[in-house]
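Step one of this worksheet: look at the structure below.
Residue numbers (the UniProt record's numbering), protein chains in the order written: chain C, 1 to 150; chain F, 1 to 150; chain B, 1 to 150.
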């Protein structure tokens with residue numbers, strides 16, 4: 001795990017746009033941590049995001065019986081697609097991030113992202129900010145943590 | 001097929017955002033039907049959408065010779081990516097929705113979505129609304145139903 | 001390679017939206033060229049995009065050692081996802097476009113798009129425009145061309 005950015009260097013990782021933020025992360029950056037820091041620093045009520053890049057994803061498959069994610073780590077994939085959302089749970093940012101990554105044979109893997117480190121390239125994230133503070137809570141029917149819009 | 005939501009329960013499935021709507025569907029919901037209901041209820045002229053979730057997609061592959069989609073149904077996939085658009089045809093909402101779903105080995109399938117039911121989790125959809133009413137019409141060169149922006 | 005659209009026909013390929021542009025390309029259109037023309041004609045400072053469609057993609061896998069993309073061309077794929085960004089380099093539009101395409105067995109390939117021609121259908125692109133002019137430059141650590149947001 002590379003050294004994390006200091007508070008001083010962090011502001012140069014994103015810029016404000018008419019609809020939210022555009023974030024560009026570089027080799028060694030921890031994507032989920034950077035998004036969580038953005039949510040706190042900019043006091044984002046909730047947001048949706050899309051992205052692309054190159055990196056080392058860890059996917060997890062949701063098992064509704066055990067209520068856990070079975071993880072698997074991959075290295076050096078073109079991140080063909082990233083989609084997700086930012087909300088809050090227990091006073092902290094709660095991300096939901098899915099992706100598709102493809103190897104040098106263009107063969108993809110995909111699913112729910114548990115972790116993602118930027119590889120020898122970048123990750124570009126477009127964050128569209130919403131104006132209502134939204135939270136995640138457990139759906140009693142299946143144990144999944146679900147975004148509330150009520 | 002689960003019971004469809006009543007008009008009374010439906011408003012709690014989405015919230016308005018500065019750029020459109022954020023919809024969160026839950027176990028058993030019919031994604032295409034919910035989007036069509038949203039288009040009618042909120043009188044959406046046209047829109048683009050992205051999303052993620054967990055569910056049971058039916059994909060169809062477009063055959064320009066027969067002008068049909070060859071369908072195949074899958075169950076319990078992490079929906080790694082959803083992208084689409086909302087427009088109108090013959091006075092009714094006309095959706096175009098593509099997606100990628102991955103199984104517990106993180107192996108994906110993808111393509112044009114003919115149907116999608118939410119599984120043991122949720123589906124989050126970010127809908128960016130446009131201000132012009134747009135329609136779909138057949139492209140005489142290949143029989144495909146194509147969104148018109150003229 | 002089909003004949004390219006003339007300047008006269010091009011304006012009918014997209015419409016303005018509250019957040020940017022919605023572009024619909026048709027059989028034979030060159031997706032990257034159309035996006036570059038849009039960037040120049042509409043003087044787009046920078047933008048993010050998502051999309052879907054049907055076409056013939058050429059993917060390239062980034063090799064940080066050789067600083068080149070190993071290309072591979074595919075035909076007749078449902079474009080399950082397209083994500084990207086528009087910026088500038090040396091006074092010209094500089095695109096970054098990733099995608100996932102799936103064949104008639106719904107089996108996907110994906111990665112960084114070097115080229116994309118529309119097939120027997122369409123490609124729909126939603127372009128969210130930002131207000132700052134952004135440029136790409138080489139990251140000296142890995143040779144990748146990276147979007148600058150500083």
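All C-beta atoms in this analysis are idealised placements derived from N, C-alpha and C, irrespective of residue type, glycine included. No experiment lies behind these values; they were computed from the predicted model shown.
Using 8 Å as the limit for Cβ to Cβ distance, is residue 31 (chain F) near chain B? no
Give me, in chain order, the residues of the same chain whose beta-carbon lies closer than 8 Å to that of residue 136 (chain F); leave out the 5 immediate sequence neighbours on both sides. 87, 88, 89, 94, 96, 145, 146, 147 and 148
Counting only runs that start and end within the UniProt domain "PPC" (15–150) of chain F, where is the beta strand (DSSP E) found for 3 or more residues in a row? 20–26, 46–63, 68–73, 77–89, 92–102, 108–130, 136–138 and 145–147
By the criterion of Cβ-Cβ separation under 8 Å, what are the contact partners of residue 24 (chain C) in chain B? 146, 147, 148 and 149
Hey, residue 122 (chain F) and residue 53 (chain F) are a contact pair by Cβ (cut 8 Å); roughly how many whole angstroms apart? 6 Å
For residue 139 (chain F), which residues in the same chain have their Cβ closer than 6 Å to its Cβ, ignoring the five residues on either side in sequence? 146
Can you grab the Cα-Cα spacing for the pair residue 133 (chain C) / residue 39 (chain C), in whole Å? 11 Å
Exposed or buried, what is residue 29 (chain C) when buried is set at 16 or more other beta-carbons lying within 10 Å of its beta-carbon? buried
Are three or more beta carbon pairs between the segment 66–85 of chain B and the segment 108–119 of chain B nearer than 8 Å? yes
In chain B, which residues lie with their C-beta within 7 Å of the C-beta of residue 111 (chain F)? 78, 80, 102 and 106
Would you please verify whether the beta carbon of residue 121 (chain B) is less than 8 Å from any beta carbon of chain C? no
Against chain C, which members of the segment 39–63 of chain B pass a CB distance test of less than 7 Å? 48, 50, 59, 61 and 62
At least one CB of chain F closer than 8 Å to the CB of residue 157 (chain B): is that the case? Since the first residue of chain B shown is 1 and the last is 150, residue 157 (chain B) is not available in this structure.
Any beta-carbon of chain F closer than 8 Å to the one on residue 118 (chain C)? no
Measuring only between beta-carbons, confirm whether residue 141 (chain C) sits less than 8 Å from chain F. yes
From this set, F:101, F:92 and F:107, which residue's C-alpha is nearest residue 41 (chain F)'s C-alpha? F:92
CB contact flag (residue 49 (chain C), residue 127 (chain C), <8 Å): yes
Let me know if residue 67 (chain B) comes out buried or exposed under the rule of 16 or more other beta-carbons within 10 Å of its beta-carbon. exposed
Within 8 Å, strictly: CB atoms of residue 77 (chain C) and residue 47 (chain C): no
For the candidate residues B:65, B:69 and B:104, whose alpha-carbon lies nearest to that of residue 69 (chain F)? B:104
What does a CB cutoff of less than 7 Å around residue 131 (chain F) pick up in its chain, not counting 5 residues either side in sequence? 45
What is the rounded straight-line gap between the Cα of residue 56 (chain B) and the Cα of residue 129 (chain F)? 29 Å
What residues from chain C crowd round residue 66 (chain B), counting only those whose CB sits closer than 9 Å? Those within 9 Å of residue 66 (chain B) in chain C number zero; the least Cβ separation is about 12 Å.
State buried or exposed for residue 65 (chain B), treating a residue as buried only when at least 16 other CB atoms are found within 10 Å of its CB. exposed
Give the interface partners of residue 94 (chain B) over in chain C, defined as CB-CB distance under 9 Å, in chain order. Going along chain C, no residue has its Cβ under 9 Å from residue 94 (chain B), so there is no contact; the nearest lies around 12 Å.
Backbone CA spacing between residue 63 (chain F) and residue 12 (chain C) [nearest angstrom]: 48 Å
Mind pulling the chain B residues with CB within less than 8 Å of residue 18 (chain C)? 19, 129, 130 and 131
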